[in-house]
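By this note's numbering, the letter at position 371 of the sequence shown is numbered 405, and the numbering carries on one by one without gaps.
We treat Cβ as the ideally placed atom computed from N, Cα and C, and that holds for glycine.
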Amino acid sequence: MRHIAIVGGGTAGWMTALLLANSSYGERIKVTVLESPQVGAIGVGEGSTPWMRGFFEEIGIEESEWMPACDATYKAGITFDGWSTRPGFERYFHAFASMLDNLTMTQFVDNVHRRLNREDVHAHPDHYFIAARLARECKAPRPRHEFPFDVWYGYHFDSVKLGQFLHRKALERGIRHLPRHVNAVQCDEHGDIAALQLEGDERFEADFFIDCTGFSGLLIEKTLKTPYTSYADALFNDAAVAMPTPLDGPIMSQTISTALRHGWAWKIPLTARYGNGYVYSTAHCTPEQAETELRRHLGLLDADVPARHLRMRTGRVDRHWHRNCLAVGLAQGFIEPLEATALMLVQRTASLFVKALEKGDLGEAAQAGFNAAMNTQFDGTRDYIVAHYKTNTRSDTDYWRANAANTHLSEPLVRLLRTWLASRPIADGIRRGTFGQGYPVMSWYSLLAGMGLFPDDVGSHVSGDAPHSLAAIDNLIERSARNFPDHRELLGAIPPRPREETLQVYFW
Ligand SMILES: Cc1cc2nc3c(=O)[nH]c(=O)nc-3n(C[C@H](O)[C@H](O)[C@H](O)COP(=O)(O)OP(=O)(O)OC[C@H]3O[C@@H](n4cnc5c(N)ncnc54)[C@H](O)[C@@H]3O)c2cc1C
Numbered sequence: 035m036r037h038i039a040i041v042g043g044g045t046a047g048w049m050t051a052l053l054l055a056n057s058s059y060g061e062r063i064k065v066t067v068l069e070s071p072q073v074g075a076i077g078v079g080e081g082s083t084p085w086m087r088g089f090f091e092e093i094g095i096e097e098s099e100w101m102p103a104c105d106a107t108y109k110a111g112i113t114f115d116g117w118s119t120r121p122g123f124e125r126y127f128h129a130f131a132s133m134l135d136n137l138t139m140t141q142f143v144d145n146v147h148r149r150l151n152r153e154d155v156h157a158h159p160d161h162y163f164i165a166a167r168l169a170r171e172c173k174a175p176r177p178r179h180e181f182p183f184d185v186w187y188g189y190h191f192d193s194v195k196l197g198q199f200l201h202r203k204a205l206e207r208g209i210r211h212l213p214r215h216v217n218a219v220q221c222d223e224h225g226d227i228a229a230l231q232l233e234g235d236e237r238f239e240a241d242f243f244i245d246c247t248g249f250s251g252l253l254i255e256k257t258l259k260t261p262y263t264s265y266a267d268a269l270f271n272d273a274a275v276a277m278p279t280p281l282d283g284p285i286m287s288q289t290i291s292t293a294l295r296h297g298w299a300w301k302i303p304l305t306a307r308y309g310n311g312y313v314y315s316t317a318h319c320t321p322e323q324a325e326t327e328l329r330r331h332l333g334l335l336d337a338d339v340p341a342r343h344l345r346m347r348t349g350r351v352d353r354h355w356h357r358n359c360l361a362v363g364l365a366q367g368f369i370e371p372l373e374a375t376a377l378m379l380v381q382r383t384a385s386l387f388v389k390a391l392e393k394g395d396l397g398e399a400a401q402a403g404f405n406a407a408m409n410t411q412f413d414g415t416r417d418y419i420v421a422h423y424k425t426n427t428r429s430d431t432d433y434w435r436a437n438a439a440n441t442h443l444s445e446p447l448v449r450l451l452r453t454w455l456a457s458r459p460i461a462d463g464i465r466r467g468t469f470g471q472g473y474p475v476m477s478w479y480s481l482l483a484g485m486g487l488f489p490d491d492v493g494s495h496v497s498g499d500a501p502h503s504l505a506a507i508d509n510l511i512e513r514s515a516r517n518f519p520d521h522r523e524l525l526g527a528i529p530p531r532p533r534e535e536t537l538q539v540y541f542w
């Protein structure tokens with residue numbers, strides 16, 4: 035393989051180009067990114083998972099360089115507000131992992147199981163994780179150098195600026211850019227892609243093609259007719275409306291996800307503004323109703339702030355790599371923005387493909403293994419997202435009642451929820467990969483305990499075992515949190531990250 039054409043210059047296209055350029059195969063291939071001047075990148079997607087940190091580390095770009103260029107902030111996790119109506123569980127924080135969690139996770143899990151067995155003990159996750167405390171105090175989840183306990187944080191960023199930054203970096207690293215619309219795709223007699231027909235009637239040939247054309251899926255779906263598995267029966271949201279608001283007060287180090295009448299609203303802090311949006315189901319409300327509800331939620335009913343409306347499709351292609359074509363980004367699939375997982379899946383897809391290239395293993399068996407692995411990652415991540423909706427207890431609208439009553443759940447998710455409700459440990463099943471793939475054990479416990487999925491008659495059982503000392507946990511977390519700087523202060527002067535500081539987080 036000598037020439038790879040990436041069709042699409044959104045975040046997926048440029049991330050893939052940079053990972054290819056960075057690979058040990060990079061010197062041997064020419065990579066061209068073709069981008070339509072008339073079809074823009076989607077221009078939303080302002081949050082990441084902690085995996086994004088690995089992306090920038092892998093391509094050797096410092097936070098102090100890319101973060102200011104993209105108005106980026108640190109993210110310790112996500113607050114879910116109003117998803118549950120169970121008393122005491124109306125709000126919880128999904129914390130990103132920290133090495134310190136190893137000191138508190140056992141007590142949390144033990145208390146969760148006691149509560150599932152009807153003991154009246156404290157089992158709300160917010161108490162047990164340093165990241166929740168940092169978010170509450172608007173601290174950066176990156177400790178001072180002398181404190182060696184890392185938090186595995188993510189980021190928020192201006193997605194348009196991130197695209198521009200990655201584009202610039204890719205050009206510096208030898209990637210070619212061709213701003214041309216692809217009118218048609220030509221296949222050879224075996225069914226492989228042979229060339230792209232560009233506007234102006236030019237033919238563009240390459241050995242391998244990467245489809246980063248977003249929801250249009252020009253190569254993988256429209257040309258190669260790869261089957262598509264829809265997630266719409268389990269994930270009802272198919273539209274979003276977004277609008278910015280000015281920053282006020284300290285800069286949060288978390289995303290806020292607030293349940294509204296027909297979906298949920300995100301609030302994402304950047305250094306220059308907040309990004310806000312409402313992800314909703316068009317089967318349950320119109321775009322006008324959604325916009326009005328978001329404006330009311332933001333206190334902008336009478337303000338002259340323009341709104342941006344978007345449609346989205348949730349699901350995935352069955353073969354992400356088919357013939358001489360790989361699909362990455364929205365072209366391969368999309369779950370929904372709730373846990374900001376899309377760029378993580380871009381990164382994993384591109385990295386897995388780079389590994390295959392480096393091994394020189396591009397045969398049919400390698401393709402089948404690759405596709406099975408990507409499908410598992412997509413479906414496992416979908417299950418984690420679906421669990422948020424399934425366990426909601428709101429009854430104010432048809433939307434929430436339909437989500438709670440939804441029976442279109444995957445078999446692994448049904449098994450996981452049954453195991454939980456029977457108060458059996460879920461950790462083994464998740465680690466063995468028999469259910470709950472896609473998210474670590476800690477995230478599942480946080481979600482299900484955070485939503486308050488416990489028996490109604492808690493308190494009817496007393497075990498007699500000594501309870502865990504919450505005061506000791508509070509003390510540990512409070513003293514540890516003193517080693518993390520104010521978020522705004524750190525963003526004002528981001529220090530380089532010494533290589534030896536990067537520690538493996540043990541995933542519970
Ligand atoms: C409401 C919403 C919120 C989201 N929030 C998040 C989030 O918080 N975190 C996250 O990780 N992700 C999020 N996402 C997903 C995220 O926006 C995308 O995964 C990411 O931007 C990558 O998009 P892309 O590059 O695949 O596609 P796009 O940005 O759509 O880029 C497509 C590219 O293909 C090119 N193209 C299309 N057709 C042609 C053609 N015929 N010829 C040549 N070029 C062509 C276009 O010019 C463009 O450059 C969100 C998505 C939505 C809809």
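Ordered along the chain, which non-local residues of its own chain (more than five positions away) have a Cβ less than 7 Å from that of residue i?
| i | result |
| --- | --- |
| P501 | V155 |
| T263 | G349, R350, D352 |
| H495 | N151, R152, E153 |
When you compare the CB positions of residue i and residue j, do they come within less than 8 Å of one another, or not?
| i | j | result |
| --- | --- | --- |
| P532 | L150 | no |
| F368 | T348 | yes |
| N310 | T289 | no |
| T292 | W298 | yes |
| F181 | A436 | no |
| L386 | V420 | no |
| I285 | A361 | no |
| G43 | V67 | yes |
| F242 | M49 | no |
| Y265 | R416 | yes |
| S193 | P529 | no |
| L377 | G248 | no |
| A240 | A51 | no |
| V65 | I227 | no |
Between residue i and ligand 1, is there a pair consisting of the residue's CB and a ligand heavy atom that are separated by less than 7 Å?
| i | result |
| --- | --- |
| H422 | no |
| G111 | no |
| G403 | no |
| S70 | yes |
| E297 | In the sequence under discussion, the amino acid at residue 297 is Gly, which differs from the Glu named in the question. No, the beta carbon of G297 sits no closer than 7 Å to any heavy atom of ligand 1. |
| I93 | no |
| V475 | no |
| C172 | no |
| P371 | yes |
| I419 | no |
| I76 | yes |
| L344 | yes |
| A51 | no |
| E239 | no |
| E80 | yes |
| H442 | no |
| V194 | no |
| A365 | yes |
For residue i, which residues of its own chain have a beta-carbon under 6 Å away from its beta-carbon, when the five flanking residues on both sides are left out?
| i | result |
| --- | --- |
| A106 | Y189, F191 |
| Y162 | T138, F142 |
| Y473 | Y418 |
| S497 | E153 |
| L212 | T66, L68 |
| H343 | V275, P321 |
| S70 | H215 |
Report the partner residues of residue i according to the DSSP bridge assignment.
| i | result |
| --- | --- |
| R345 | A273 |
| K109 | G188 |
| Q231 | A218, R237 |
| V41 | L68, D245 |
| T260 | Answer by DSSP bridge pairing: none, since T260 is not bridged. |
Am I right that residue i and residue j are in contact with their C-beta atoms under 8 Å? What's the rounded C-beta distance?
| i | j | result |
| --- | --- | --- |
| F127 | G116 | Actually they do not touch by this definition, with Cβ atoms about 14 Å apart. |
| F412 | R350 | 5 Å |
| E96 | N56 | That pair is no contact at about 15 Å. |
| G88 | I302 | The Cβ separation is near 21 Å, so there is no contact. |
| N440 | A268 | 7 Å |
So is residue i in contact with chain B if we call contact Cβ pairs under 8 Å?
| i | result |
| --- | --- |
| T468 | Here there is only one protein chain, and chain B is not present. |
If you drop the 5 nearest sequence neighbours on each side, which residues of the same chain put their C-beta closer than 8 Å to that of residue i?
| i | result |
| --- | --- |
| Q72 | H215 |
| Q381 | M49, L53, W85, M86, G88, F89 |
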